[in-house]
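Contents: one structure, followed by commentary.
Protein chains in written order, with the working numbering: chain A, 1 to 340; chain B, 1001 to 1308; chain C, 2001 to 2325.
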């Protein structure tokens, strides 16, 4: 069990995860000469002050394009990498800085599913071994009992006949089967919270629905909460309860699914939604045009970081960095223009 | 009543124990067949392994196979060229070259095998630990390794043998020291890339301890490269051992040894006796070639190739 | 009736591997009109990339075209000699590769890529002229012309892909084949690139072949669509037909599994089973193990391509003569 710390007062009982001004900066490597000539250190501000909370049992999606920091946020939340700043609360207990042992105990409650179903398995380990390994690591089960649990969880995620798959190596299975095995591995410890990092983006289109449906079923049976990370907003719309749109390390809009899709307020969200291909022939959609390219995360624009691409940018946008503000029930936007 | 899964589980474990015994035998022949199927690379491995095994067998069976006592003086006329009675000729002490060639591989093989074992035992764990830990420790150890690596191998081996003295074990240690950096480098580059893979991340995400990650996730994936380096290392060790013996740093004279015959044969060349140096030299080349072929073939087989 | 720009006739491409012969493309025929956008849709293993590469005879070893013809503007592509083929590539038909990260030479400036391309096909053009054309092409694809003296690593992924497209249209080819042009890109850039391809098609009158696994893109932007499965063409029809009246069960399954953001409360349906193993194809129709309505005949015989409507071809016994559709 996690060591009992003082219960935080500003965290609601229903929130399984709360993240407060979370930051992760990566130092930019400099060449030897540069190190001698310049003093300033540059950082890639991958996650730059992100705050949100996830309610028990919901599917909360972090959506955005590549480089926006969503994957890094996912890894921070399960403490795979240490944060540079900010706080993380899991089940009302602060987990931002935990010692080794406590972290290991935490991993029984929070798990992560990775994007690439092939690379996330040790090519020299049989699937049965790989899926059962967490049980060994945490000394929960060995030998016969471990084998029994592995078979059970494999059946549960739809890998049947489970017996046959125990001795297969990852390269002998298809992408869809591997991702199911990844879920089995994540769930064998019966966690409460699962981060799913782009779980279907590397899987064939015809298999995606099956995996997504599996995730939804498992949520019911295992009482899970998901943090779903994706760049595909169409899938986000299908699976999420609430969505947060990220840009260059910050959340620009957050709300429940219907609100975000029917009434996107932030210009970036509008552009993103208008760019999604709709599978209808000759569909002429009104597109919100964005100027220019995404700035580098080393040189984030001052004030509102989106201003360099926004058609409505004003003078204040250069100076004032907008905060995430509640504009209507369960709808938050970070934009200087909506503050009036 | 045991559940279906429990029954399967029991049966499974019993079957696994049986399987292990069977698999070692039944895998050999199909293993060879599957090697041949892998094309040129497979054939290289088979050919190379064949050469090596042939030499080992000949050396081991030398008491039975050699027609004369290899150290026996004057079993034949001194310095006689290859003839029916002495197919490889005789040296200046009247010893039969054929017998000497058959029996001369012992020292070389011992030195080579010993040095490779020492190299693996030292180089692999060192490489694993250093590169996974990273930081200052890694830089320090890498610096040492690079310095050793920068030395010309044979010269370093000579220097070490001078310090340590003669003998099979000392030769093996000198050669091992020279080649440990090669293992270190290969392991290090492998570990650095494997460290970043998602499956190592997944292991960390599951809460695995550092030594578990190293032993069950990283080490098994470096074994192909270790195998390749080891085979090439064998070839190098043999040549270095021959070199050491050639300049007189080898073992004592009574034991028949190709390296010694090389030295002797070089001195005898001006008098026209080409056979003393040639045949032992050929054997050294063949043995080194066998290992190199194996290494080449293994390297091609074990390196992942892009599939369509 | 004007002759089509390009005709592909009974094309078969096989990979002769040590494990066996793999038919990546099996007896494919279609035609391409001027200024038409053709979408080729399929999953991994369907053979779509191989098909694209075979159009310019660039199928990598151990693959080879074993049967069939490709006729472009009256010339048979596969029968051309080396030099003529080289002239054809780049000038008449151009290929945009999938990965913009590695398709540009990292030690050459962007301008140098254009100069090399233009001067190879039109040696009389001077370096200055070629650079001028390069600058105009960059502007056409929405990149500032100063970028012509940058190196590839100084450009983002989206910009590199646009450079690839600019290179593809530099010699004003009649056909551009784009293999997964937007898979490695974000959705906003993706939309820009696809718009760009369409705009260029309209401006230069070239035909566009879009090869992708993303059915949404293809439905939205092509005139006709080929759906491929395990090397076979399973459906070939105008995109409006595919959308409103998909006939092959695989196409229907694909359509039901794409999330559409304009629909509320969409229920997605999965296609059962897994992608086929090309070394172990099932007997009969290649899709029957995953088909919700496979019957006896499907397991025994492989269905031929059946015409079932104007310009609508399906490889399925459901539409064979004598059956009610």
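Using N, Cα and C, we set each Cβ at its ideal position, and we do this for glycine too. Since the structure is predicted, the reported quantities are computational estimates derived from the model, not experimental observations.
Should residue i and residue j be called a contact, given that it needs their Cβ atoms to be closer than 8 Å?
| i | j | result |
| --- | --- | --- |
| residue 2220(C) | residue 277(A) | yes |
| residue 358(A) | residue 62(A) | The displayed coordinates of chain A run from 1 to 340. Any statement about residue 358(A) would go beyond what the structure contains. |
| residue 1109(B) | residue 1059(B) | yes |
| residue 297(A) | residue 265(A) | no |
| residue 27(A) | residue 2239(C) | no |
| residue 1222(B) | residue 1190(B) | yes |
| residue 169(A) | residue 123(A) | yes |
| residue 110(A) | residue 78(A) | yes |
| residue 2113(C) | residue 2167(C) | yes |
| residue 2289(C) | residue 2044(C) | no |
| residue 1118(B) | residue 1172(B) | yes |
| residue 1088(B) | residue 1098(B) | yes |
| residue 2312(C) | residue 2247(C) | yes |
| residue 2017(C) | residue 2025(C) | no |
| residue 181(A) | residue 159(A) | yes |
| residue 57(A) | residue 250(A) | no |
Please confirm if residue i has its CB atom under 8 Å from at least one CB of chain A.
| i | result |
| --- | --- |
| residue 1296(B) | no |
| residue 2320(C) | no |
| residue 1202(B) | yes |
| residue 2096(C) | no |
| residue 2253(C) | yes |
| residue 1212(B) | yes |
| residue 1170(B) | no |
| residue 1230(B) | no |
| residue 1245(B) | no |
| residue 2161(C) | no |
| residue 1132(B) | no |
| residue 2186(C) | yes |
Opposite residue i in the DSSP bridges: which residues?
| i | result |
| --- | --- |
| residue 2140(C) | For residue 2140(C), which the question treats as bridged, DSSP gives no partner whatsoever. |
| residue 2004(C) | According to DSSP, which records beta bridges pairwise, residue 2004(C) is partnered with nothing at all. |
| residue 111(A) | 194(A) |
| residue 1043(B) | The partner list for residue 1043(B) (beta bridge, DSSP) is empty, contrary to what the question assumes. |
| residue 2313(C) | 2236(C), 2307(C) |
| residue 247(A) | 250(A) |
| residue 2328(C) | In the structure as shown, chain C begins at 2001 and stops at 2325. Residue 2328(C) is therefore absent and cannot be evaluated. |
| residue 60(A) | 227(A), 242(A) |
| residue 53(A) | 18(A) |
| residue 331(A) | 255(A), 328(A) |
| residue 85(A) | 23(A) |
| residue 1257(B) | For residue 1257(B), which the question treats as bridged, DSSP gives no partner whatsoever. |
| residue 1097(B) | Per DSSP, none; premise fails for residue 1097(B). |
Under the assumption that residue i contacts residue j (Cβ atoms under 8 Å), give the Cβ distance between them as a whole number of angstroms.
| i | j | result |
| --- | --- | --- |
| residue 235(A) | residue 196(A) | That pair is no contact at about 11 Å. |
| residue 2226(C) | residue 2030(C) | 6 Å |
| residue 2041(C) | residue 2175(C) | Rounded, the Cβ-Cβ distance is 18 Å, inconsistent with contact. |
| residue 2208(C) | residue 2178(C) | 7 Å |
| residue 2309(C) | residue 2241(C) | 7 Å |
| residue 1285(B) | residue 1124(B) | Between residue 1124(B) and residue 1285(B) the Cβ distance is about 29 Å, and since that is not below 8 Å, they are no contact. |
| residue 1293(B) | residue 1040(B) | Not quite, the Cβ-Cβ distance comes to about 11 Å (not below 8 Å), so this is no contact. |
| residue 2169(C) | residue 2137(C) | 7 Å |
| residue 51(A) | residue 21(A) | 6 Å |
| residue 2038(C) | residue 2222(C) | 6 Å |
Against chain C, does residue i count as a neighbour if the rule is that its beta carbon must be under 8 Å from one of theirs?
| i | result |
| --- | --- |
| residue 272(A) | yes |
| residue 261(A) | yes |
| residue 248(A) | no |
| residue 44(A) | no |
| residue 10(A) | A caution first: residue 10(A) carries a pLDDT of 49, below 50, which makes its placement in the model unreliable, though a value can still be read off. Chain C, which has no Cβ nearer than 8 Å to the Cβ of residue 10(A), makes this no. |
| residue 257(A) | no |
Determine whether the Cβ of residue i lies closer than 8 Å to any Cβ atom of chain B.
| i | result |
| --- | --- |
| residue 301(A) | no |
| residue 111(A) | yes |
Item to check | Unbroken stretches of the alpha helix (DSSP H), 4 residues or longer, contained in the stretch 2029-2111 of chain C | outcome: 2048-2055, 2082-2091
Next on the checklist: List, from N- to C-terminal side, the alpha helix (DSSP H) runs of 4 residues or more that fit wholly inside the stretch 204-241 of chain A.
Outcome noted: 205-222, 233-239
Item to check | Length-filtered (4 minimum) alpha helix (DSSP H) runs lying within the stretch 1144-1193 of chain B | outcome: 1153-1164
Checklist entry - Taking any Cβ of chain D, which residues in the stretch 284-298 of chain A have a Cβ under 8 Å from it, in chain order? => result Of the chains in the structure shown, none is chain D; the protein chains are A, B and C.
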